[in-house]
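Peer 1: In UniProt numbering, the protein residues as written are 1 to 1022.
Using N, Cα and C, we set each Cβ at its ideal position, and we do this for glycine too.
If you're wondering where the values come from, they're calculated on a predicted model, not measured in any experiment.
1) How many Å lie between residue 106 and residue 565 at the Cα?
2) Taking the straight line between their C-alpha atoms, what separation do you get for residue 534 and residue 416?
3) Give the single residue among 316, 849 and 704 whose Cα lies nearest to the Cα of residue 867.
4) Quick check on residue 1027: buried or exposed, where buried means 16 or more other Cβ atoms within 10 Å of its Cβ?
5) Nearest CA to the CA of residue 543: which residue from 581, 516 and 503?
6) Roughly how many whole angstroms lie between the Cα atoms of residue 997 and residue 958?
7) Can residue 582 and residue 403 be called in contact, C-beta distance under 7 Å?
8) Kindly list the residues whose CB is nearer than 7 Å to the CB of residue 430, restricted to its own chain and excluding five residues on each side of it in sequence; keep chain order.
9) Can you check whether the CB of residue 20 is closer than 7 Å to the CB of residue 697?
10) Please report the distance separating the alpha-carbon of residue 1022 from that of residue 991.
11) Is the beta carbon of residue 380 less than 7 Å from the beta carbon of residue 373?
12) For residue 830, count the other beta carbons within 10 Å of its own beta carbon; 16 or more makes it buried, fewer makes it exposed. Which is it?
13) What are the boundary residues of the alpha helix (DSSP H) that includes residue 871?
14) Throw me the rounded Cβ distance for the residue 643 and residue 624 pair, which I believe falls under 8 Å.
15) Are the region 596-613 and the region 381-389 touching, with three or more C-beta to C-beta distances below 8 Å?
16) How many Å lie between residue 297 and residue 176 at the Cα?
17) For the 8 Å Cβ check, are there 3 or more pairs between the region 710-728 and the region 107-122?
18) Using the three-state DSSP reduction, which class does residue 66 fall into: helix, strand or coil?
19) Taking the alpha carbon of residue 506 as the point to measure from, which residue in 713, 420, 156 and 22 has its own alpha carbon closest?
20) I think residue 618 touches residue 650, with their Cβ atoms under 8 Å apart; what is that distance to the nearest whole Å?
21) Using DSSP with H/G/I as helix, E/B as strand and the rest coil, what is residue 526?
22) Could one say the Cβ of residue 123 lies closer than 7 Å to chain B's Cβ atoms, at least one of them?
23) What did DSSP end up calling residue 289 once you bin it into helix, strand or coil?
24) How about residue 199 and residue 233: are their beta carbons less than 7 Å apart?
25) What's the call for residue 327, buried or exposed, on a 16-neighbour Cβ count within 10 Å?
26) Runs of 3 residues minimum, wholly inside the region 139-206: which ones carry the beta strand (DSSP E) assignment?
27) Does the region 69-80 come close enough to the region 90-107 that 3 or more CB-CB pairs lie under 8 Å?
28) Quick check on residue 36: buried or exposed, where buried means 16 or more other Cβ atoms within 10 Å of its Cβ?
29) Which of the three DSSP states is assigned to residue 609 in this structure?
30) Could you check the C-alpha separation between residue 2 and residue 65 for me, to the nearest Å?
31) In this structure, does DSSP put residue 585 in helix, strand or coil?
32) Using C-beta distances below 7 Å, list every residue in its chain close to residue 899, excluding the 5 sequence neighbours before and after it, in chain order.
33) Give every residue of the same chain whose Cβ lies closer than 7 Å to the Cβ of residue 44, excluding the five residues on either side of it in the sequence, and list them in chain order.
34) Mapping DSSP to helix, strand and coil, what is residue 1057?
35) Which complete alpha helix (DSSP H) runs does the region 635-722 hold, if anything under 4 residues is left out?
36) Is there contact here, the region 346-364 with the region 704-711, by at least three beta-carbon pairs under 8 Å?
This is how it looks when you write it as structure tokens:
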């Protein structure tokens, strides 16, 4: 037991839980004072005292074993239910919520550490030793194999050089390190050793520098001069050890021959920037988390005197926090929606900053005076470039703001580069459907989706290039507008294919972008000069490629694809900002050591990444390896105290690293610091922040983002922070058609419409305004749902009156039947309180059986049941789905008249099941858009100028006597004398669309349209 308590994992755990309880005790002492206040909730005093007594018991333990035994006995009393007279409700709520939060977090920690006794843990750990030793052996053998492969190929990397240097200076033998003669000679040779950015040193570098220093030989002759700021140690992923700095920082003041020099003045930033940084880090940075206490000795003090500003009514220098409150519906997994909203928020901020009248003045040292801020004065910093920089760059450029992201992949995803690369791919090989479709729909092609759909539907089995040529040939005598577009496109492609034989790649690209006018076209787009620079850069890349041993368009495209795949090489064309007036977008790590007049720290709501603390095996360089205990016989998995210690330390270290990264980000600003983020329900979050104390250990441990660190401080510091919230609310009106609620075009149209109504000038309505809100593609289900909702309105609004007229009779008694919707919300089985299969799931199961059914094996109900079991065994459906299908119902279908005809078609090879289709129809024939036309007061004939793609899946059809019979299965629970009519009313539009699609595609008449109801066991003719 003693050996375990003295181990590194146990000591770390005990230190962690002690800091946790100490922080909580300090908070509870304040809660006790609140309870004793005149208006405080004195009925909770006994509860708080009881909790403090438990904390004292835990703090009196001497090791983790005792702590675990004591924690297991801790009980929480129920809060008193007395109302109390004269009690301030806010105080009462604060105490109750704080106590509940501590109780829940303590129980979570206790459950994590005390799931079994220490003796049980030790037994299990012993059994876990062999697998872990094997893992370490495998890792060591792998490294040996890598070293051998490097030697065979005569290659080394930078890390190898460091290790080789170290091996010349230090020999590791018998678990001890001995310095070599070479190390002694070099230590005597060097007079002074100057080390910059010492906070980012790792153990290997420390060993090398110590080996060649004189202080190792004679402590009175220490010749190491180290400069750094531990608050800016942000290279943990490179194995930086800030504790090396901290160890000397603590020991040197009392050591002989050593000295600590504090550089307290900051000569970069305005006082407003520095004071906001101090305000945050005085609260959150402590020795327990962050490694250093943010005291007077290390706080930032203004050292640079800025000239007095004489402007009035312009943006001040206080640190601003700008938040977007997303009062919109979006998929929680879709991270792009909040990032796009934040990008638009940043664009609006930048426009405010550079506004001629109310913007931000910056001091220009070259001019010796203030001037208006420019784009080049602004930088947007993000924790990570991936998934952020490209989105922000797009939003800024769409707003007409020149911006360059120092990102590799984003350059190739820009509109202008993607268009040219698609055209090059088609020139190389026009038989590629996706690039050709992209080119056809682009600036170079001028076709639209309806044109492509028409061409492709005419020749569905052919490649798009072949379909286009065949379409041209088939319309040789009667060429329409589409033919002209196709002819122009193919002629252009063929012309450049010919030129690609004798032109170099860069000459070909120049020819394309200039001959077609594309270069000028993108120049007229928002941030046009930036886009043109991107095209210039592509030409430069092509020229560089031409100087290699590779040649030809095919190899160039492969070269670009590899660059994209491995995120190599390219930043955007204006990434070098020295000569460009553009907003930079870069990572916080990239900005280290730099300074900018105006800094926007974006994405402060982004959650910290603690993935390295998750998994079955976790590793820390100090504590070691932690792993779950897995019992393969009992099929159980249990964590261990060692693994918990490693996980907690990894999370703790990562939190300290994120804290330091935030410090670096905030201190890049010279004149103005702005921080942005997104959230939901600002008022609720603000109330939470105001009661969160991030100065305590448990308070800072609860932070999962920069926003969690900043806002509890900023909400109470109006002197140093200016907070503003923009509510993003772009939901379409309820009386809008039930289309895609994420349709950004619909949102923008609504905004434009509202702005036009409020505008001071008269704006002529756009004749085709209805087209902005129209979707180019609809599913049959969307159209059917619209029809269904109209009937639901009838049932909701009219049915009660009819019932009253029928003396309160039910719908079935009065001849009005309902139908159960064929959809239900998908609820995970493990949280569902009912075991019944939802109608939608039952319908899906029936469709799956009917899709796969072998009509030669339908002789009995048992035959069908056995066939369904086979489908489960072949993983073609789940057991739950199979159980939802009544084999009797399937057998009844097979023995019906329509079933016999289906079986005959099956044996003749003329049965087709689950057939997808896409067809274009005039928008004027769709009721959704007829209602849209009514709102815009336009005729249906005008709608017919627009073609809408309809997509769906036909359950089944078969050919019979040269005609087509269409069958659609339904599992809706209908009953009563009106059941067949209900089915017809609900599904006629669906079958009519299916019928039209079949007649167009097959050129055959649909003679029958049938709904087969498994509830009624009969076919209903439509």
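Peer 2: In short, the structure shows the following:
1) 46 Å
2) 8 Å
3) 849
4) Outside the displayed range of the chain (1 to 1022) lies residue 1027, so it cannot be described from this structure.
5) 503
6) 14 Å
7) yes
8) 436, 465 and 493
9) yes
10) 8 Å
11) For residue 380 and residue 373, no; Cβs fall outside 7 Å.
12) The predicted position of residue 830 is uncertain, since its pLDDT is 41 and thus under 50; a value taken from the coordinates is nonetheless stated next. Flag for residue 830 reads exposed.
13) First-last of the alpha helix (DSSP H) with residue 871: 861-873.
14) At roughly 10 Å, the Cβ-Cβ gap does not stay under 8 Å, so residue 643 and residue 624 are not in contact.
15) Yes, since at least three Cβ pairs between the region 596-613 and the region 381-389 fall closer than 8 Å, the two stretches touch.
16) 38 Å
17) no
18) helix
19) The option with the nearest alpha carbon to residue 506 is 420.
20) 6 Å
21) coil
22) Here there is only one protein chain, and chain B is not present.
23) Strand at residue 289.
24) In terms of Cβ geometry, residue 199 and residue 233 form a close pair [threshold 7 Å].
25) Exposed, since its Cβ has fewer than 16 Cβ neighbours within 10 Å.
26) Complete beta strand (DSSP E) runs here, min 3: 170-173, 176-179 and 193-195.
27) Between the region 90-107 and the region 69-80 there are three or more inter-stretch CB-CB distances shorter than 8 Å, so the stretches are counted as touching.
28) The Cβ neighbour count for residue 36, taken over all protein chains shown within 10 Å, is under 16; the residue is labelled exposed.
29) coil
30) 9 Å
31) strand
32) 893
33) 35, 79, 80 and 95
34) As shown, the chain starts at 1 and ends at 1022. That puts residue 1057 outside it, with no answer to give.
35) The qualifying runs are 641-666, 682-690, 697-701 and 706-714.
36) no
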